[in-house]
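If you number the sequence shown the way the UniProt record's numbering does, the last residue is 107 and the count never jumps. Glycine included, every Cβ here is placed at the ideal spot set by N, Cα and C. Only a predicted model underlies this, so the values are computations on that prediction, with no experimental measurement involved. To start, the structure under review is shown below, and the notes come after it.
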Amino acid sequence: MAEELNTDQLGEDVVRVLKTIYDPEIPVDIYELGLIYDVFVNEDSDVKILMTLTSPNCPVAESLPQEVKEKAASLDWVNECEVELTFDPAWSQELMSEEAKLELGML
């Protein structure tokens, strides 16, 4: 009998890796910045990440989603990784964590 995957724990592993990626213009990681909308992990160890950018014209529009995909895929247990970029809803400062707001002096 195959060992059952704890997809919640695996999702936390992905988040931990995503917290090592920083927006080049803001000294806050992309997860705390609110750019990651959701992380899905299925029983086949496939990962799907739904994310946005601070704006559609973001200077890292090409490279940041690729970096997200590469970092998540670098986890040993990941089978396949897909990153979906969306602007609905559009990113706003309200999506930032308290930690990010504190880091940026917004609190």
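Between T20 and N57, the alpha-carbon positions lie close to 23 Å from each other. Counting C-beta pairs with one atom in each stretch, the stretch 63–82 and the stretch 95–106 have fewer than three that are closer than 8 Å, which means they do not touch. The C-beta distance from Y31 to V15 rounds to 6 Å, short enough to fall under 8 Å. In the three-state scheme derived from DSSP, where H, G and I count as helix and E and B as strand, K48 is classed as strand. Residue burial annotation: M51 is buried, with at least 16 other C-beta atoms found within 10 angstroms of its C-beta. About 7 Å separates the CB atoms of T7 and N42; that is less than 8 Å, so the two are in contact.
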